[in-house]
Structures are given as C-alpha cells and as structure tokens.
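Undergrad: Next up is a structure, given as structure tokens.
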Amino acid sequence: MTIEVAVIGSGLSAIGAIKALQKLGIKPTVLDCGETLDLERSNLADALSAKDPGEWTEQERKALSQNFTVDKGDPIPKKLLFGSDYFYGKSRSDAPVEGKGSLPPFSYALGGFSVGWGAASLPPQECDVNDWPIKVDEINKYCEIAIADLPYSARVDGLSLNFEILQSEPQALHLNEAERMILDRLNKSSILEKDKLVFGQSRLLVRPETTDKFVGCKYCGQCMSGCVYKSIYKASDDILLLSNSGAIDYKPGCLVHEITETGDRVGVKFLDADGRENISEFDRVFLAAGAVNSTRIVLNSLKIFDRKVKLRARGGYVMPVFSFRKLPIDWPNCNTQPGIFLEFKGGWLKHWVHVQISTANELLFQKLGIQPGASGFVARLKKFMVEHVMLMFVNLHSDYAGHYELWLTQSAGKSNTNCLHSRHYKSGSHLLIFTLSVFRLLKICWKIGCLPIIPFAKNNSGSYHVGSSLPMKAEVGDNLETDELGRVSAWRRVHIADTSTFPSLPGTTIGLLATANAMRIVEKIRW
Ligand SMILES: Cc1cc2nc3c(=O)[nH]c(=O)nc-3n(C[C@H](O)[C@H](O)[C@H](O)COP(=O)(O)OP(=O)(O)OC[C@H]3O[C@@H](n4cnc5c(N)ncnc54)[C@H](O)[C@@H]3O)c2cc1C
Ligand code: SF4
Numbered sequence: 006m007t008i009e010v011a012v013i014g015s016g017l018s019a020i021g022a023i024k025a026l027q028k029l030g031i032k033p034t035v036l037d038c039g040e041t042l043d044l045e046r047s048n049l050a051d052a053l054s055a056k057d058p059g060e061w062t063e064q065e066r067k068a069l070s071q072n073f074t075v076d077k078g079d080p081i082p083k084k085l086l087f088g089s090d091y092f093y094g095k096s097r098s099d100a101p102v103e104g105k106g107s108l109p110p111f112s113y114a115l116g117g118f119s120v121g122w123g124a125a126s127l128p129p130q131e132c133d134v135n136d137w138p139i140k141v142d143e144i145n146k147y148c149e150i151a152i153a154d155l156p157y158s159a160r161v162d163g164l165s166l167n168f169e170i171l172q173s174e175p176q177a178l179h180l181n182e183a184e185r186m187i188l189d190r191l192n193k194s195s196i197l198e199k200d201k202l203v204f205g206q207s208r209l210l211v212r213p214e215t216t217d218k219f220v221g222c223k224y225c226g227q228c229m230s231g232c233v234y235k236s237i238y239k240a241s242d243d244i245l246l247l248s249n250s251g252a253i254d255y256k257p258g259c260l261v262h263e264i265t266e267t268g269d270r271v272g273v274k275f276l277d278a279d280g281r282e283n284i285s286e287f288d289r290v291f292l293a294a295g296a297v298n299s300t301r302i303v304l305n306s307l308k309i310f311d312r313k314v315k316l317r318a319r320g321g322y323v324m325p326v327f328s329f330r331k332l333p334i335d336w337p338n339c340n341t342q343p344g345i346f347l348e349f350k351g352g353w354l355k356h357w358v359h360v361q362i363s364t365a366n367e368l369l370f371q372k373l374g375i376q377p378g379a380s381g382f383v384a385r386l387k388k389f390m391v392e393h394v395m396l397m398f399v400n401l402h403s404d405y406a407g408h409y410e411l412w413l414t415q416s417a418g419k420s421n422t423n424c425l426h427s428r429h430y431k432s433g434s435h436l437l438i439f440t441l442s443v444f445r446l447l448k449i450c451w452k453i454g455c456l457p458i459i460p461f462a463k464n465n466s467g468s469y470h471v472g473s474s475l476p477m478k479a480e481v482g483d484n485l486e487t488d489e490l491g492r493v494s495a496w497r498r499v500h501i502a503d504t505s506t507f508p509s510l511p512g513t514t515i516g517l518l519a520t521a522n523a524m525r526i527v528e529k530i531r532w
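Take the position in the sequence shown, starting the count at 1, then add 5; the result is the number in my numbering.
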C-alpha cells in the first residue's frame, strides 16, 4: 500500500522531513508557497556562475552585491540574495499580518530563509537544550545524520573541546589572512578553557572543495550577497534536485491555511497559484511552514482566536572591535562569511554566548562607501578603519532575549483572511546580559590586542531565529503544546516539524537543529 504523505514548506525543516521520508521509501507531496528570485537577477547569477570570479566585470560584481538596506541607512544591513529581499515574507491580502514594532520573520520562498542565511551550524549543547524533553545525545545523533548528507566546512580545533564535529573526515575552507592572524592571537593568549571559553574556525554548511557534482568555494568575496556557485547550502537546491529526480512531488504556489484530521485521513486546504481554494487528503502531514506560519495554520485550523501565544526569539547585538595591529585585507579573493566562532559561558551566563567574528567584507565596504582607487583624507581614514576593525556578531539564547506575542483574529471573510497580529517585547534582563557578555568580550579582546568599541554596539532586535510557540513537552498539558513527535493533542497524524516546537532556542545556531529534529520525528513514528 502506498502511504500518502504531505510536507508543507521547503525550508531546512521540510528538507529534514523529506530526506527521512525518502529513506523509508515514501515519496511525499511538497505543498509550498515557493516564491523565487526574479528572472533578471536569476539570469545574472547563472551567467556569472559560468565564469571564474576573476572574469567578472566591476559592474557585474556591483550588480550582484547591491544592497538597498545599506543605502537606506539601516544600522545593521539586511542580508539579501543578489540584491533582492524576496525571501523575507510580508503581509499579504490572503494571509494578513499586522504588528506593533518589528514583525516576526517568516518566509514564503522556495527554500525558505535558507536561501539567504549564514549557514552557521553547530550541534546543540546540553546546557542550551536542558528544557527539551529529548536528550542532547539523541538530537546530536540526528545532527550527525543530517551533516553526513550536507556540505560542511569544519576543522578539529579549540572549538571541538565542546562542539563535536560530527563528521569523520572534515574539510575546511581557507581563512583569509586577517582571520588567521586573529585565530593565532587567540591561540597564543592561553584563554582556551573547556566548558568556559572555546574558539576556532567557523562551522558552516558550505562546500570547501569541488566534487564531480558540485562546485566548491571559489573565494569570490560575495558570501554576504549570495553565492552564484551554490557552494553555500540552500534547501532549495536540494528540493529542485529531488523534484527533478522524481523523489518528491513538488507543488509550488500553494498557500496552506487549514488542516483537518478526520479518522485516519488529514485534509489540507490551500489556495493555489491562481488563488483558487483546493483541498487534498493524505495519510500523514508534516507541517514545516516556519515558526510563524505553522503557528498561524495551527491557530486557524483549531479555530483558536484572540489567544496570545509566545513566540521566542534569539537575542543579540553587533559589536565593532578595534584591532591595534593592522588586519590585512584579502578581499575580494576570500570567503566573506564569519571565519571564527568564539563561545563562552560561566557565572551568571548559563547558556553559551555564540560570537561570530567577521573581517572586511563587501557589506562593510558598501556601508563605509569605500570606492576602489579613491584617494584623499576621508578615503584614507575609511581604509584605516577597515584595516583595524572586525565585527563580532553576538548571539544569545532565547532565555536572554525578547519575544513576540502572536494572536489570530477572525475576519468576516474567508478563513485565510483571518489576521495574524504580533507584538514584540524586549527582554527584562537585556541590559544585565549585555553588560555581562560585554565584560567578558572586553577581557578576551584585551588579551588579543583589541578593544570593543562599545558606544557603536548595535542591538540586533530583528532576530531571524524564532520558534517555541508550540513547545514540545514530555507530557502535553495545554492544547498548543506538542508531544515529542510534534503533535498537538487535537491531532495524531499531523506533525509540526519546524522550530515552533523547540522549547527554547540555543544562541549557537538553529537551522541544523531544525533539519535534525524533523528527521528525528519522521524516524520515531510507528508507521
Ligand atoms: C539572514 C538570515 C541569516 C540566518 N543565518 C543563520 C545561520 O547562520 N545559522 C542558522 O542556524 N540559522 C540562520 N538563520 C535562521 C534559519 O535560516 C531559520 O531558522 C531556518 O531557515 C528556518 O527554517 P524552516 O524550514 O523552519 O522555515 P522557513 O525557512 O521559514 O521555511 C518556511 C517554508 O514554508 C513555506 N510556507 C510558509 N507558509 C506557508 C503556507 N502557508 N503554505 C505553504 N507553504 C508555506 C515557505 O515557502 C518556506 O518554504 C538565518 C536566517 C536569516 C533570515
Ligand atoms: S566566497 Fe562565498 S560566495 Fe564566493 S564562492 Fe565562496 S562561498 Fe560562494
């Protein structure tokens, strides 16, 4: 008998569920909004991918990395894909969202947020998931399975004291000269201490070497704007491969808004690309529409209106750090993702604080308005800054961060037009955690001949890591809590497979965790 299974979404969570279903011999139908990059940008990326970076013209490079959020003067520029922000979802008439302050992040893209993400991937640690009903060893087992099938850049170094590599023969990207210098200074400072302060080369889902099927990093200096060579992992690349090989039945243009479970069957209501109402039935459904949209679909399906649901977020800030010694600039012949991870905890900081260290990249050049070949005092001053400043992206566990409140109100029209409302709340302990972490950074930086420029630190209020709205519990009490298989009490055959079921969010990374957890759910089901 063929089992009919649907996966809703095509992001990192969906891909975990899809790959685990594939192992069971199940070909799922993937219902996805599946928005894609516009044709002009897509053609430009394709054309540039056929050449080596050295053959690109200055104009082509500029077109690739244009970022309107830099020009708008946003304190922290948004990451875009070849100049487009299409993968950041917006309120739409067939799925309205309203909010006070920043809206929580959601995506309607093919591949979800993974099309523009940073690809930073660390396995979780016990202290960061101790409120989860699942043991960290079990989660890590699935992280290992997920990584085995993904491109990964990792090196055995100080970071491995706490963060296992989970791959037998890891390969790593080449760091640029400034990153090598900073790592060298960190190594010589004797501050490495298991369980308290570890650092090393960043762990990224990026292909370091070219294989017969895929292109490895070509060190083109454009990571912050999108990789034309597809060396940075995106769920969309996998979805398209699986769809072309016939392993999944991919249906883009579907906006799912309601799920009903009757007996052994699950009905999924969605609007198709022409806005027509459809309903399809399956034996089982995996809901991986991202934390915000999965919460919306659950509230809508269960007709839970006006109830406030807490959506947790990861917190953080960006700290510019002045280096007394000059940092050499290799750009554009380098990888511009953060090259170094620094993790610390201890004392009042019960969770790891995750710091990504970045040296000069294309966004910084744009932000400072540096023109190649420019001369004069201002140009020299800007060049001096780039040669002496690195950026530390400090990421905090959701216990230390603010959160959103989400609630759905019923409209007079069709059920998909019910409005999702949101309100953002800052964390009460924000100042304390900021002070504690900055104090630790000051001590670390001093040891390596650097100084955080604290007045220029920018709070990263719009965190892209959200979840925990339908938290997984060992014993489900509330009707919006989920069991270890991602099921709310009203459903037995619908599994919520994204970050909405994470009881809390580690400050380290959550994308890999989302893939691994979805794989775990599929494997644990008694089919
Ligand atoms: C700029 C940026 C950088 C990031 N960097 C990192 C990083 O370095 N490391 C890390 O771990 N995490 C990072 N993240 C976070 C990470 O990308 C997300 O946590 C992760 O991608 C979420 O995956 P998901 O599959 O759960 O959801 P999403 O990526 O939101 O995917 C949702 C999917 O569901 C579909 N969908 C949505 N609503 C519907 C609907 N109603 N009907 C049908 N389909 C629907 C969408 O089309 C999409 O395919 C970053 C995020 C951003 C934005
Ligand atoms: S440097 Fe970045 S954008 Fe360029 S090929 Fe490597 S991973 Fe891709």
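Built from N, CA and C at the ideal position, the CB exists for glycine as well.
Note that the structure is a prediction, hence the values are computed from the model and not measured.
#1: What are the complete alpha helix (DSSP H) segments, minimum 4 residues, inside the segment 124-166?
#2: Under a Cβ-count criterion, where at least 16 other Cβ atoms within 10 Å of its own Cβ denotes burial, should Trp532 be classed as buried or exposed?
#3: Identify whether Ser243 lies in helix, strand or coil by the three-state DSSP scheme.
#4: Would you please state the rounded distance, in angstroms, between the beta carbons of Lys478 and Pro138? I believe it to be under 8 Å.
#5: Lys274: buried (16+ other C-beta within 10 angstroms of its C-beta) or exposed?
#6: Measuring CA to CA, which of Glu282, Asp142, Ser236 is closest to Tyr157?
#7: Given a cut-off of 8 Å, decide if Tyr93 and Ser70 are closer than it, judged by their beta-carbon atoms.
#8: Nearest to Ala462 by CA position, among Lys452, Ser474, Val481, Leu436, is which residue?
#9: Taking the alpha-carbon positions, what's the Ser1 to Tyr469 distance?
#10: Against chain B, with Cβ distances strictly below 8 Å, would Val271 count as a contact?
#11: Check whether the Cβ of Val211 sits closer than 7 Å to any heavy atom of ligand 4, and report yes or no.
#12: Within 10 angstroms of the Cβ of Glu286, are there 16 or more other Cβ atoms? Answer buried if so, exposed if not.
#13: Between which two residues does the beta strand (DSSP E) harbouring Phe382 extend?
#14: For a test of your reading of the model: does the CB of Gly226 fall under 7 Å from any non-hydrogen atom of ligand 2? Yes or no.
#15: Here's the rule I'm using: 16 or more other beta-carbon atoms within 10 Å means buried, otherwise exposed. How should Thr7 be labelled?
#16: Which residues does DSSP pair with Cys424 in a beta bridge?
#17: Let me confirm a value: Glu348 is counted as buried when at least 16 other C-beta atoms fall within 10 Å, else exposed. Which label applies?
#18: Would you say Asn298 touches ligand 1, meaning its beta carbon is less than 7 Å from a heavy atom?
#19: Go to Trp451, then tell me how far its alpha helix (DSSP H) extends in each direction, as first and last residue.
#20: Among residues of its own chain, excluding the 5 on either side of Gly226, which ones have a beta-carbon nearer than 7 Å to its beta-carbon?
#21: Got a sec? Which residues, its chain only, sit under 8 Å from Arg497 by beta carbon, not counting five neighbours each side?
#22: Is it right to say Gln64 is buried, meaning 16 or more other beta carbons lie within 10 angstroms of its own, or is it exposed?
#23: For Pro476, count neighbouring C-beta atoms within 10 Å of its own C-beta (all shown protein chains included) and say buried if the count is 16 or more, exposed if not.
#24: Nearest to Ser299 by CA position, among Phe168, Glu9, Gly16, is which residue?
#25: Does DSSP put Pro325 in a helix, a strand or coil?
#26: Leaving out five residues on either side along the sequence, give the residues of the same chain with a beta carbon under 7 Å from the beta carbon of Pro80.
#27: Starting from the Cα of Glu480, find the closest Cα among Asp488, Ser474, Ser473 and give me that residue.
#28: Taking Cβ positions, are Gly59 and Asp37 nearer each other than 8 Å?
#29: Whose CA, out of Tyr91, Glu182, Asn423, lies closest to the CA of Asp311?
#30: Determine the contact status of Met229 and Leu332, defining contact as a CB-CB distance below 8 Å.
#31: Does the Cβ of Gly30 have 16 or more other Cβ atoms within 10 Å, making it buried, or fewer, making it exposed?
#32: Are the CB atoms of Leu485 and Ile526 within a distance shorter than 8 Å?
#33: Check whether the Cβ atoms of Ser241 and Gly88 lie closer than 8 Å to each other.
#34: Rounding to the nearest angstrom, what Cα-Cα distance links Cys148 and Asn167 in this structure?
#35: Flag this pair as yes or no: are the beta carbons of Thr520 and Ser18 separated by less than 8 Å?
#36: Using the Cα positions of Ala55 and Thr364, report the straight-line distance between them to the nearest angstrom.
TA: Based on what the coordinates show:
#1: 141-153
#2: exposed
#3: Ser is not the amino acid found at residue 243; the sequence shown has Asp there. Correct three-state label for Asp243: helix.
#4: 6 Å
#5: buried
#6: Ser236
#7: no
#8: Leu436
#9: This structure does not reach residue 1, given that the chain is present from 6 up to 532, and the question cannot be answered.
#10: Judged by its chain identifiers, the structure shown contains no chain B, having just a single protein chain.
#11: Of the ligands this structure carries, namely ligand 1 and ligand 2, none is ligand 4.
#12: exposed
#13: Where Phe382 is concerned, there is no enclosing beta strand (DSSP E), although the alpha helix (DSSP H) it sits in stretches over 382-393.
#14: yes
#15: exposed
#16: Thr414
#17: buried
#18: yes
#19: 435-452
#20: Trp336, Pro337, Asn338, Cys339, Thr341, Glu367
#21: Glu266
#22: exposed
#23: buried
#24: Gly16
#25: strand
#26: Lys463
#27: Asp488
#28: no
#29: Asn423
#30: no
#31: exposed
#32: no
#33: no
#34: 15 Å
#35: yes
#36: 28 Å
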